[in-house]
Each structure stands twice: as C-alpha cells, then as structure tokens.
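Heads up: the structure comes next, in structure tokens.
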C-alpha cells in the first residue's frame, strides 16, 4: 500500500514538472510563441501600413528580450564636433616706383610700401568657427602692410601686449543672443570703408587714401543684427581709432546701418565718434561719417562709390599753419571744427570668365591736417586714379597688374633724394587665398 502511494506521488510530481517546463519554455520564446509574435507583427502591418518597421522590430525584440537598450542620438554625436575651418593667405608684390625714393619706402600709404623689390604685403594663417550658438576667428599675420598699419600702437605699456599685437590680425569670440543678434568681443576688422585689408577681395590692388586712414582693425565689442530682411545694423564700442592699446581714458564708438532695397543695390552708413588725443593733451572729439553705395546692374559689372565727411573739435583757437617761411600759429575767431572730405568711385567689369578690370578714382581733402599730417602749407589735398587688370584662373589664385597715379597740391611724395607732387608706380602682385 505504501509503495503504491509513493509511486502515485512520484507520477504526480513528474506530471507537474513536465507541465511547468512547457510553460516556462513558452514564456522564454518557444517556436510556437515566436510564430505567434510574427503573426501579431504582420497583423499590425496589415491594420496600419504606415507603421515604421523599426517599431515592429522593437515589438519583436521586446517580446524576445523583455527590454531594449536606448540607442545614441546621431544629433548628439554631431554636436560634439566643433566645425573649425583653417585658412591661408599670402599676397606678394613687386612695386616698380617711377619716383625711385632713396629710402625705398613710400609715404602716405600702407599697401605695397617697399619699392623696386619683391616683398610680402600680407600673409596670414587663420582658424574660424561658426555655429548656431557661437562663432570666432583667430588669425596671425606678417607683411609690410602690417608694419605700416600698426605704427600708431603705443610702446609704453607693460602688460598690454604691445610687442605682439601687430602679429595678431583678429582674435574675437561671439555668442548668439537672438534670432539674428550677435555679440562679438576682441580684436576684429574695422567697419568703416568699402575696401578690405585683404587685397584678394578688392577690385583694385592698392587701397584708397580713405581706407588707409580709417581703422583697419579695432579692439572692443560689437552688437550686430537685422531690423528687417532688408535692413541690418552694427553697434560698436572700441578703445580708439585703429588702436588696441588705448592712449586715453575715453571710449570710442560708432555704428553701421545697411539697407538693401534690391538684391543688386546696397546703401551703407558707417560712423565713428571718439577722442583720439593722448591723455596729456586737450580733448578733441572726432566725428567720422562714411556713406557707401553699391550697384550691380548685371553679374559682370559692379559700380560703387563712397563719400566721407569728418569733423574734429579744436582744443584751442590757435591753429598751427605751415608756410614757406616756417610754421606759424593763427588765431581763429572760435573753436570751429576741423574738416576732412573724401570721395571715391569704383568700377569693375569681368570681360572674360578669368579676366577682370578694376578702376578707382579718388579725391582726399584734409587741408587742416586733421588726420593726415604733411607739415606743408596746403596740407593733404590730393587726387588719384588706379587701374588693375586681374587674371583669376581659380577662385583661390589672383594675378594682378596695377598702375597707380596720384597728384598732390604740395610736394609731399618721396622722389629720389627730394620730394615731388606726383607719385606713379607699376605693381605686379600674386595672391593665394585658401
């Protein structure tokens, strides 16, 4: 009897074990269960054909594994990559000056200053970054135009980086504040004038007088943005007029307002306001206005013009005037403003796919030597015409042939061992911009 009872218990446990094993195997994914899941997936596709196949695979994986690991978001991976662009530029030239100055140096210009020798006008290496949230540029430079442009930097500061500033073309960072609003701070190119310091970007190889005597670079902060689709602006706070190391305790500033009524027509108004006198001398605030218009009637032709008006307060009623007998002081009726007037006109025409001609006419009037000091009777009153023939087989390469003619009211240009009213030169240049 006991043996029969034991045998019955053994048969019962065996049946329970067999039944539990089949249940667990169904839960862990038996062939019958897998087929049921596949049938369920097909049923979902038939009910809704727009269902993403990835979602159905996720359902299948959940059925087999019970959980699914989260995949990395590709956008998050891309955000980790900083889009830095590296650039290179070199501008070499040979200036065959017909004046043949004894010192081989030209005056009253910052471009192609060495005569009758091959030299480097400007070369730089740069790194740029620009995203939806931030941007910046850092560039180091070398060349004869660099030495000429940074001659006004101070030399007395102990910690102002005066010895290294000339080799730093731009060093700024910016952050996006709104949909089209940016705030940049550091050292960056000035906003006055039509032509760029980078000769590769201009119609004529050399720069107009009005460009040589406005800031190529400034140090400070700028706020830029768009008022509408056709109107944009810039607001500037700077240390001074083409200086990184400030020479006084005053802050300078200005703005740019640009209007593009048509896709091929542009009007721009640039201003600068600031005191440019050293701290040890009386204050003389300068007000500079630069008006620019550009029109492209068709793709191969560009017409542009600019007109500058500048005023500067007199610190004293006495003016230093230069005469053939020597400098004398003349007492004015009041502390009226010194004035400077400048006019330029450009025309550029690409007559063949790889060939272009650029012409510039200019007139600069600074009789009272507000900006350009000549130490002569009539000051800096000069006119000029420049023409450049460009050969550009590739956007990165530019071969240029330039003739420049300038004439001053006074004899101010170096001519052999003397001076002359005329300044004439032929310039060959080759630039590479990548």
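Residue numbers (our numbering): 605 to 1038.
Think of the CB as a built atom: it goes at the ideal place given N, C-alpha and C, for glycine as much as any other residue.
Owing to the predicted nature of the structure, the values given are computational and were not obtained by experimental measurement.
I need the DSSP call for residue i, collapsed to helix, strand or coil.
i, result
"residue 813", "helix"
"residue 976", "coil"
"residue 769", "helix"
"residue 1094", "In this structure the chain extends from 605 to 1038, so residue 1094 is not present and cannot be described."
"residue 750", "helix"
"residue 713", "coil"
"residue 822", "strand"
"residue 886", "coil"
"residue 991", "strand"
"residue 851", "coil"
"residue 962", "strand"
"residue 996", "strand"
"residue 843", "coil"
"residue 879", "strand"
"residue 1002", "strand"
"residue 866", "strand"
Under 6 Å Cβ to Cβ from residue i, same chain only, skipping five residues before and after it: list those, please.
i, result
"residue 906", "900, 952"
"residue 891", "877, 915"
"residue 743", "728, 730, 773, 774"
"residue 835", "863"
"residue 898", "870, 908"
"residue 991", "963, 1007"
"residue 868", "900"
"residue 747", "724, 725, 726, 727"
"residue 804", "1002, 1035, 1037"
In its own chain, which residues sit with a C-beta less than 7 Å from the C-beta of residue i, not counting the 5 before and 5 after it?
i, result
"residue 978", "984, 1014, 1016"
"residue 692", "729, 1038"
"residue 686", "733"
"residue 995", "958, 959, 1003"
"residue 1024", "703, 1015, 1017"
For residue i, does the count of other Cβ atoms within 10 angstroms reach 16, so buried, or fall short, so exposed?
i, result
"residue 630", "For residue 630, the predicted structure reports a pLDDT of 42, less than 50, and the residue's modelled location is therefore unreliable. The matter cannot be settled from this model."
"residue 814", "buried"
"residue 831", "exposed"
"residue 1035", "buried"
"residue 919", "exposed"
"residue 781", "exposed"
"residue 716", "buried"
"residue 701", "buried"
"residue 721", "exposed"
"residue 950", "buried"
"residue 866", "exposed"
"residue 745", "buried"
"residue 1012", "buried"
"residue 689", "exposed"
"residue 1020", "exposed"
"residue 811", "buried"
In this structure, what does DSSP give as the bridge partners for residue i?
i, result
"residue 874", "860, 894"
"residue 1029", "701, 1008"
"residue 1018", "1023"
"residue 910", "896, 948"
"residue 724", "696"
"residue 984", "970"
"residue 745", "728"
"residue 791", "775, 823"
"residue 576", "Residue 576 lies beyond the range of the chain shown here (605 to 1038); nothing can be said about it."
"residue 733", "688, 740"
"residue 1037", "693"
"residue 916", "890, 942"
"residue 830", "836"
"residue 953", "905, 961"
Within a Cβ cutoff of 8 Å, which residues of the same chain sit near residue i, ignoring the five residues on either side of it in sequence?
i, result
"residue 777", "738, 739, 740, 788, 789, 790"
"residue 883", "851, 852, 853"
"residue 1009", "988, 989, 990, 1026, 1027, 1028"
* Would you call the region 966–973 and the region 765–783 touching, i.e. three or more CB-CB distances under 8 Å? -> no
* Per the contact definition of three or more C-beta pairs closer than 8 Å, is the region 789–799 in contact with the region 716–736? -> Flag = no, the region 716–736 and the region 789–799 do not touch.
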